[in-house]
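Here's the structure we're looking at; comments come further down.
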Amino acid sequence: MATPAPADAAPRASTRQRMRAWMLEGLADMAKHQQGGQPEQEPAHKGQRWWRVMCLTGVDYFSTLGYQPGIAALAAGLLSPVATIVLVIVTLAGALPVYRRVAEESPRGQGSIAMLERLLSFWKGKLFVLTLLGFAATDFLITITLSAADASTHLVENPHLTGVLHNQQMIITLILVALLGAVFMKGFLEAVGVAVVLVALYIGLNVVVVVVGLWHVAQAPHVVTDWSQALTVQHGNVLAMVGVALLVFPKLALGMSGFETGVAVMPHVEGDADDTEQRPTGRIRGTKKLLTTAAVIMSVFLILTSFVTTLLIPADDFKPGGQANGRALAFLAHEYLGNAFGTVYDVSTIAILWFAGASAMAGLLNLMPQYLPRYGMAPHWARAVRPMVLVFTLVAFLVTWLFNADVDAQGGAYATGVLVLISSAAIAVTIAAHRVRQRGWTIGFAVISAVFLYTTVVNVIERPDGVKIGACFIAGIILVSFLSRVARAFELRVTSVVLDETAERFLRDAARRGIRLIANEPDQRDVAEYRDKLQQIRSDNDIPSEDDLIFVEVTVGDPSEFESELRVRGEVLHGRYRVLCLDSSTISNALAALLLHVRDLTGQRPHIYFEWTEGNPFAQFLRFFLFGQGEVAPVTREVLREAEPDRARRPRVHVG
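Take the sequence shown: its letters are residues 646 to 1301, numbered as in our numbering.
Next comes the structure, spelled out in structure tokens:
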């Protein structure tokens, strides 16, 4: 007699089902709208004014003022203002022109990764994109951990709280990261209005701090004299100063972190009334204004803040453990405007750093589904927001622990991610300019690419932590991606099947007598090939001569692609042989999709006939996995088995 189930088994199962449904609820936006966008005729002018969207990217870009002056002072010492001027020149003359061109070439917010993806096909293109995604993950994840660490620094170093929170920075940083993850688990929608308020408040408070700092410098002119004399003693002359500034410039690369975010938020920019997804002229123009305005504002603040902090803050206070470490402007706010104003400044800084982490998390959730699902390199649950939030939050915990919640220690990893993405963007626009024969722009972008590549190499040599953690992300993404691809190898991945008029006529005519298809690998396509194949299939499977047989031929395109539409065209060769011609990334999936479509179209269970393929089964599987070929018959049958569990409805596969 069967044992009755426990009384609470059904409620437990129901709870698990509700939890599963909640976890998988809400696919990431980019997973819903993969590649291709809206139809040509559909307008694409909805969105926000460019200056409002600038505030959305500004929570990431402008928030670096919270720690950039301190990092510059540690890297360059008294030379910090000169090194910052070099950074501003590279920003305005290098990164800005590059990303204005990226906005033209990739107006859907996919950035330089999409531009470079178009240049490469097959597996080398996928591996290249996965590598860039690894560095992008480094950039965004370190943004989360670095911002949280700096926010906790501002909290711990606040005079009202330092006694209570002393030595608690790690715990506070982990709590901030966990709270960020909790916000996204509940459901997060980027609020442009919140970003506008935060940026306006933060920029306004920084204006006050900078003006007060400049006033104190003006009141004590000997400070400038002492600084200039110290520079002369240390470096001798202006040329030596510039040379040293160029050498330390890679350490200041964090000041260019906002450009990739600026392009990523491009779809939010309002376009003209007659914009379309194919010609978003207004959106591109607005994005260029966004990038230019943000770069100019940030450049002015970088120069002024590096000047006042270098002149007014003792060098020892910038060092680890010092009161200005990771919070130079907050130090000035407390020192010259009082603890009340300083606390308001701390709260503003913590808020914008918090929202910078939120912007980075949103960037991760939008970026990954653009590529991995199309490659078949992500599990199904990776399309949902909440499971990915858990993954990214756990990785952020690990990074925070590895770097001990130290702002300075994470600077190298952050700079590496930023510089690799900017270098890839510079290379992408150089190639784009060369393709349209713009000689002047090609030379200019090539020079910019060389500058950023040099900066990246120097940064990697001096601070290898960045490339190490980037390599960990790359290795993790590639490993998970290929495991997912293997697990999904037998999944039916044809999005739709389209028959031309001739192909449909072949199938409807054959349906009256029974649909029998012969899988044929196209070779010479002469009379002998089809005659011999037909005789062999009839002999191997005892098919009467009066039965109709239709050949099916699949031409493999790029086998690294995962999902695609299947188009079928009918041909009559040599006046007597009917052939269905298909183009696909894999033979087996194309045949299985065709068989299921024919069954649904005609109401008949089609038969398909194969020959056995000679060779080692494992080698044949690798051929299928990498090149879309291999042992076609058993793989086709396995794809059909997974797609149609009902044996009575499953198309029949014969192998002779």
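Every residue gets a Cβ at the ideal spot worked out from N, C-alpha and C, and that includes glycine.
C-alpha gap between residue i and residue j, whole angstroms
i     : j     : result
H690  : W696  : Its pLDDT being 44, under 50, H690 is placed unreliably by the model, and the measurement read from it follows with that caveat. Rounded to whole angstroms, H690 to W696 spans 15 Å at the Cα level.
F829  : G1215 : 50 Å
V1284 : L1225 : 20 Å
G715  : V869  : 19 Å
N851  : M943  : 11 Å
L1227 : L1152 : 15 Å
R1286 : V801  : 60 Å
A865  : L891  : 30 Å
E1276 : I1232 : 10 Å
F946  : Q968  : 21 Å
S1209 : L778  : 22 Å
R753  : L1012 : 12 Å
G1008 : R1031 : 14 Å
G888  : A940  : 24 Å
L1064 : T736  : 12 Å
V1074 : R661  : 49 Å
F767  : E1206 : 8 Å
W1046 : V1103 : 26 Å
S1094 : S1068 : 6 Å
K964  : S1229 : 59 Å
V1034 : T932  : 28 Å
R1223 : A1003 : 58 Å
V855  : G966  : 24 Å
A1288 : F894  : 56 Å
D919  : V908  : 21 Å
A1091 : A1005 : 29 Å
Beta-carbon spacing of residue i, residue j below 8 Å
i     : j     : result
G1115 : T709  : no
A738  : A728  : no
G1062 : D1185 : no
L701  : A840  : yes
L791  : S1126 : no
L977  : L998  : no
E749  : I948  : no
I789  : L819  : no
L741  : V857  : no
L1239 : L1211 : yes
V1280 : A1235 : no
A973  : T988  : no
F1000 : V704  : yes
S902  : A717  : no
V1040 : L786  : yes
Q693  : H913  : yes
F780  : L761  : no
Neighbourhood of residue i by C-beta, 7 Å cutoff - its chain only, sequence neighbours within 5 removed
i     : result
I1378 : Residue coverage of the chain in this structure runs from 646 to 1301, which leaves residue 1378 outside it and unanswerable.
A875  : L723
W1086 : A1078
N1165 : K1178, F1196, V1197 and E1198
E685  : The predicted position of E685 is uncertain, since its pLDDT is 41 and thus under 50; a value taken from the coordinates is nonetheless stated next. Cβ within range, chain order: T921 and Q923.
H861  : L957 and Y981
A898  : A1060, V1063, L1064, T1100 and N1104
K934  : W695
I730  : I948
For residue j and residue i, believed in contact at Cβ under 8 Å, the rounded distance
i     : j     : result
A996  : L843  : 6 Å
L810  : I817  : 7 Å
H799  : D991  : 5 Å
H1219 : Y1254 : Between Y1254 and H1219 the Cβ distance is about 20 Å, and since that is not below 8 Å, they are no contact.
Y712  : A1070 : Contact flag wrong, Cβ pair sits at about 24 Å.
D1145 : V1213 : 7 Å
Own chain residues within Cβ distance below 8 Å of residue i, not counting five before or after
i     : result
R1244 : R1250, P1251, R1294 and P1296
P1109 : G1057
Bridge partners - residue i, DSSP secondary structure assignment
i     : result
H1252 : R1161 and R1297
S1129 : Looking at the DSSP assignment, S1129 forms no beta bridge with any residue, so it has no partner.
S1141 : E1210
L1225 : V1197 and G1215
Q693  : V914
Chain-order list of residues whose beta-carbon lies under 6 Å from that of residue i (same chain, five-residue window excluded)
i     : result
P804  : N984
V1112 : T1061 and V1105
G971  : Y712, G715, D795, T798 and V1052
F1037 : L1009
P1189 : none
F1048 : A1054 and Q1055
F1097 : I1067, S1068 and A1071
Q1181 : none
Distance cut-off 7 Å: residue i Cβ against heavy atoms of the ligand ADP
i    : result
L732 : No copy of the ligand ADP occurs in the structure displayed, which carries no ligand at all.
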